[in-house]
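Here the sequence shown is numbered in the working numbering, starting from 892 and rising by one per residue.
From the three backbone atoms N, C-alpha and C, an ideal C-beta is built for every residue, glycine too.
Since we're looking at a predicted model, the values are computed, not measured.
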Amino acid sequence: SAALDVNIGSSDDPIEFQGLAHFLEHMLFLGTKKFPDPDEYQKYISDHGGSHNAFTSLEHTNYFFDINANDLEGALDRFSEQFTSPLFNEEYVGREVNAVHSEYSSKIKDDGRRFFSAIKSILSAGHPYNKFSVGNLDTLKDQPESSLRDAVVSFYQSNYSANEMKLVIFGKEPIATLQKWAEEKFSNIPNKNIATQSIKTPFFDKGFLPAKIEVKSIMDRRSMSIAFPVPSSFHHKDSQPISYLSNLIGHEGKGSLLSELKSQQLVDSLSAGAQFDTHNDSMFMISMGLT
């Protein structure tokens, strides 16, 4: 198997093309100079007992696959070409916009997505996380100053740089062989020495907190979340203070917060952890499923 992570996500979308990072994730799979058939990568993986996928988050875009152990090198050939010479054929732009729109439409009634969107909507207007990250037919379309294809090519060329990528390869071959394949197949990814900009905008406008937000669920469910803006633990990787708090508050054993609330028949579940980590700020969230 292999995974390649790009340190670019939906928070980097241009305002006029919201959802562009996610759309790029879709377009990248559809043919390369060496393998122009738009189905080549997917077909090779599925024909050799594997699976593949990708995801776009606020800060990252991640591409990954697994395959029969004896077919890893062929998969790496096709996988690496997507990051060195993708075609971005115009003829597939409309098809993939519809695929993105379908993905968006299928989640409109997902309560988790609705809650996530509601939280994003109350962030500071200038915060990068405030943007619409999935994309749909309204946000992913030609603009007077740029076509959608030109925008996605420009976004790729500006942001997909070797110094902002991490690659992991897992296989039965000796480490020396895996390293050789990595160097042979991925060294052509250009290093543009991009310096990603740290997000320094606070989550909320001054004076906004404390605040209460109510979200109407689609399903018959009731929950409550309490969120606290806290400093990021990104620079404390060895001590992980937020993970320590998460384990303490989210503990499920005897004497825990969950056991006490359960004994009063107030909650069915409880979890705690960090959300929205910008490397400067984070949001610590305690979420409870209510009876």
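One or two residues paired with residue i in a DSSP bridge
{"i": "Thr975", "result": "Thr975 pairs with nothing; no bridge assigned."}
{"i": "Ser1178", "result": "Ser1116 and Ser1162"}
{"i": "Val897", "result": "Thr952 and Met1056"}
{"i": "Phe946", "result": "Asn953"}
{"i": "Asp1172", "result": "Pro1122"}
Residue i - containing beta strand (DSSP E), residue span
{"i": "Gly1098", "result": "No beta strand (DSSP E) holds Gly1098; DSSP gives it neither H nor E."}
{"i": "Met918", "result": "Run containing Met918: none in the beta strand (DSSP E); it sits in the alpha helix (DSSP H), Leu911 to Met918."}
{"i": "Val1025", "result": "Segment: none, Val1025 is in no beta strand (DSSP E) and carries neither H nor E."}
Status (buried if at least 16 other CB within 10 Å, exposed otherwise) for residue i
{"i": "Pro1019", "result": "buried"}
{"i": "Thr1182", "result": "exposed"}
{"i": "Pro1120", "result": "exposed"}
{"i": "Asn1192", "result": "No information on residue 1192 is available, as it lies outside the stretch 892 to 1182 that the chain covers here."}
{"i": "Asp1033", "result": "exposed"}
{"i": "Met1110", "result": "exposed"}
{"i": "Gly985", "result": "exposed"}
{"i": "Ile958", "result": "buried"}
{"i": "Ala1067", "result": "exposed"}
{"i": "Tyr932", "result": "buried"}
{"i": "Leu1157", "result": "exposed"}
{"i": "Tyr1047", "result": "buried"}
{"i": "Gln973", "result": "buried"}
Three-state secondary structure (DSSP) of residue i
{"i": "Phe1119", "result": "strand"}
{"i": "Asp1041", "result": "helix"}
{"i": "Ala1073", "result": "helix"}
{"i": "Gly1017", "result": "coil"}
{"i": "Lys1057", "result": "strand"}
{"i": "Ser1147", "result": "coil"}
{"i": "Asn1084", "result": "coil"}
{"i": "Asp938", "result": "helix"}
{"i": "Gln1034", "result": "strand"}
{"i": "Thr923", "result": "strand"}
{"i": "His992", "result": "helix"}
{"i": "Tyr1135", "result": "helix"}
{"i": "Tyr1051", "result": "coil"}
{"i": "Val984", "result": "helix"}
{"i": "Lys1153", "result": "helix"}
{"i": "Glu964", "result": "helix"}
{"i": "Glu907", "result": "helix"}
{"i": "Thr1092", "result": "coil"}
{"i": "Ser997", "result": "helix"}
{"i": "Phe1167", "result": "coil"}
{"i": "Ser902", "result": "helix"}
Segment limits, alpha helix (DSSP H) that includes residue i
{"i": "Phe1007", "result": "Asp1002 to Ser1012"}
{"i": "His1142", "result": "No alpha helix (DSSP H) holds His1142; DSSP gives it neither H nor E."}
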